[in-house]
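Below, the structure written as structure tokens:
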């Protein structure tokens, strides 16, 4: 490979990192906290590449290159491959992981990161539980409303992170969440077996990049009307009914929590499609 | 970042005009590809291809900061440490140099992509290959960032952090000591040929960093292609249904770590989520992953040469599995 092209390839790779970071496109496959590091590496690569190219230009009067001749040959073949991410990311806009990856993972029991007891106490008071047809009574109905704890610990505008929903339904033995109206956001994976009125609301948790994605999932039952399209993003409002957990059991006896749907609303895919531990 | 703007900082003898040939035109075409909106959407591709593209781009781009950090350190070593200095000042006896280098790995806060160019530079600058390999194995596994993320992934179970530290450090030291006995100079010939000398320290650092980035970056792409393909072809659910304990589960998790090539700062979270496996099996996932995986083998082959990688990878794998078994038995 020409040493000049090699240096310019570092510039192009740096520009790719800058573009993905500044446009926030990197959130489709990398966690948000990598932002400053990606930006910094882009700047360093552009600088190193421009500097290297300028030196090659000033050396082009017959002076030897920095590398020994035998070595520059092996550099040539490997470095060419850096063209690939540029082409893939530049020509095809990478999409976030979707139902293809979800269907190839088994949902595991959530790990406990929060004080679940404190979390359920911060839920809206029992008065707001769903009443009416198909609803269940709050099994912890005698709870005193707690106004001193931030509700945001569990619900933001009535929305709960899929992670917290899995964690509370799995660990809270008082089943205090039963009947509480909840909004969950995720993408649509068809239910296995193709039962009517059901789908799997899904989201991936990442800790670095899409290669370490872990699947989070909740079953959505009693969907009225047409099921939303596979891989589309929806906000589901509904409530949890522990009695109706039909048990989609995974190998370790864990069953995916289910939400009885009252309303399924199509939404735009969020800019940050992945969950992170901050959502626990 | 327009390449045409660059020549005014040129330090050498003035050229009337920079040479513009195919390299400049090709790079300009690539810049256009990067800066214009993508003409095709990957979501229109088949689901498998779409998945492959996401994982491939994710691994390639996510590794950039770590690779750049590693190549900058490598460049700084080339610029600041005179050739031969390391050989004179590091302990001569492997029994001392290898554990010291293994412990020194705890000070480098990066993933495995960054430690390979540094280890290559250490060898090129005259460090004992055995000590450099101990650093290569320990740096991505026992640095503070990795240990903290392990503690976060296993809340309330600090024994996993202790076991990981012990297992990985033991792997690094044992492999280093084995390498000091069986390693042959010819296997690192590629690394030894890498000394590049610039006229000033800054130039040496910039030239070395650029060179190492391009070189390691190319091989990182080989690793990213392999890992993305395995992610797409091998469903994780198949592997995770062969749950269990005992030696088989440990071997399965070790193989999974080799195949998935997850960054060492994130692998603890994946290990923690595979809760149907025994603690020792999950430990093996975290000890084997940073030591040897498809991405690392590609990087090592590129940095040290193929004859290095084909010997070093199997040794690391076996030693890492054995160290996990021992650490798991006594600490978990």
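Residue numbers (this note's numbering), protein chains in the order written: chain A, 860 to 1139; chain B, 487 to 818. Glycine included, each C-beta is placed from N, C-alpha and C at the ideal position.
CB contact check: residue i to chain B, cutoff 8 Å
| i | result |
| --- | --- |
| residue 1041(A) | no |
| residue 1096(A) | no |
| residue 893(A) | yes |
| residue 871(A) | yes |
| residue 910(A) | yes |
| residue 1189(A) | Look at the range of chain A in this structure, 860 to 1139, and you will see that residue 1189(A) is not part of it. |
| residue 1050(A) | no |
| residue 1031(A) | no |
| residue 1061(A) | no |
| residue 896(A) | yes |
| residue 1027(A) | no |
| residue 944(A) | yes |
| residue 1092(A) | no |
| residue 947(A) | yes |
| residue 967(A) | yes |
| residue 1088(A) | no |
| residue 900(A) | yes |
Identity of the residue in the options nearest residue i by Cα
| i | options | result |
| --- | --- | --- |
| residue 687(B) | 780(B), 598(B), 631(B), 561(B) | 561(B) |
| residue 1035(A) | 893(A), 906(A), 975(A) | 975(A) |
| residue 1113(A) | 1029(A), 861(A), 1064(A) | 1029(A) |
| residue 773(B) | 754(B), 784(B), 763(B) | 754(B) |
| residue 672(B) | 628(B), 522(B), 610(B), 569(B) | 610(B) |
| residue 947(A) | 539(B), 607(B), 564(B) | 539(B) |
| residue 555(B) | 667(B), 720(B), 694(B) | 694(B) |
| residue 828(B) | 663(B), 594(B), 815(B), 645(B) | No answer is possible for residue 828(B): it lies beyond the span of chain B, which begins at 487 and ends at 818. |
| residue 696(B) | 685(B), 520(B), 558(B) | 558(B) |
| residue 510(B) | 915(A), 880(A), 951(A) | 915(A) |
| residue 1082(A) | 1104(A), 1117(A), 1092(A), 1057(A) | 1057(A) |
| residue 619(B) | 660(B), 642(B), 532(B), 653(B) | 660(B) |
| residue 761(B) | 745(B), 739(B), 654(B) | 739(B) |
| residue 734(B) | 649(B), 550(B), 763(B) | 763(B) |
| residue 917(A) | 654(B), 504(B), 717(B), 690(B) | 504(B) |
| residue 632(B) | 780(B), 781(B), 775(B) | 775(B) |
8 Å Cβ shell around residue i - same chain, five flanking residues per side excluded
| i | result |
| --- | --- |
| residue 1007(A) | Since pLDDT at residue 1007(A) reaches only 38, below the 50 mark, its modelled position is unreliable, and the value read off the structure follows with that caveat. For residue 1007(A), where only same-chain residues beyond five positions count, there are no Cβ hits under 8 Å. |
| residue 902(A) | 873, 877 |
| residue 912(A) | 863, 866, 867, 870 |
| residue 1134(A) | 1020, 1021, 1022, 1062, 1063, 1064, 1065, 1075 |
8 Å Cβ cutoff met for residue i and residue j
| i | j | result |
| --- | --- | --- |
| residue 703(B) | residue 941(A) | yes |
| residue 1021(A) | residue 1080(A) | no |
| residue 736(B) | residue 811(B) | yes |
| residue 569(B) | residue 612(B) | yes |
| residue 616(B) | residue 665(B) | yes |
| residue 747(B) | residue 771(B) | no |
| residue 1086(A) | residue 1075(A) | no |
| residue 875(A) | residue 518(B) | no |
| residue 950(A) | residue 524(B) | yes |
| residue 581(B) | residue 655(B) | no |
Cutoff 7 Å; reference residue i; Cβ partners in own chain excluding five residues on either side
| i | result |
| --- | --- |
| residue 957(A) | 1046, 1090 |
| residue 954(A) | 887 |
| residue 883(A) | 1130 |
Closer than 8 Å to chain A by CB, residue i
| i | result |
| --- | --- |
| residue 708(B) | yes |
| residue 540(B) | yes |
| residue 492(B) | At residue 492(B) the pLDDT is 45, less than 50, meaning the model places this residue with poor confidence and gives no usable figure here. |
| residue 548(B) | yes |
| residue 713(B) | yes |
| residue 625(B) | no |
| residue 770(B) | no |
| residue 650(B) | no |
Nonlocal neighbours in the same chain, by C-beta distance under 6 Å from residue i, ignoring five residues either side
| i | result |
| --- | --- |
| residue 614(B) | 583 |
| residue 768(B) | 757 |
| residue 637(B) | 647 |
| residue 869(A) | 904, 907, 908 |
| residue 597(B) | 552, 626, 749, 750, 751 |
| residue 777(B) | 623, 657, 802, 806 |
| residue 594(B) | 625, 629 |
| residue 1048(A) | 958, 961, 1059, 1061 |
| residue 795(B) | 783, 786, 787 |
| residue 1092(A) | 1046, 1126, 1128 |
| residue 705(B) | 784, 785, 788 |
| residue 964(A) | 1074 |
| residue 649(B) | 769, 813, 817, 818 |
8 Å Cβ cutoff, residue i in contact with chain C
| i | result |
| --- | --- |
| residue 755(B) | Chain labels in this structure do not include chain C; the protein chains are A and B. |
Stretch-stretch touch, CB-based, cutoff 8 Å, three pairs: the segment 1084-1102 of chain A with the segment 596-607 of chain B: At 8 Å Cβ cutoff, the stretches do not touch.
Inter-stretch contact at 8 Å, needing at least 3 Cβ pairs: the segment 559-576 of chain B / the segment 524-540 of chain B: With contact defined as three or more Cβ pairs closer than 8 Å, the segment 559-576 of chain B and the segment 524-540 of chain B are not in contact.
Three or more C-beta pairs below 8 Å linking the segment 709-722 of chain B and the segment 538-555 of chain B: With a cut-off of 8 Å on Cβ pairs, the segment 709-722 of chain B is in contact with the segment 538-555 of chain B, counting three or more such pairs.
Inter-stretch contact at 8 Å, needing at least 3 Cβ pairs: the segment 878-889 of chain A / the segment 1066-1086 of chain A: Of all C-beta pairs linking the segment 878-889 of chain A to the segment 1066-1086 of chain A, three or more are shorter than 8 Å, placing the two stretches in contact.
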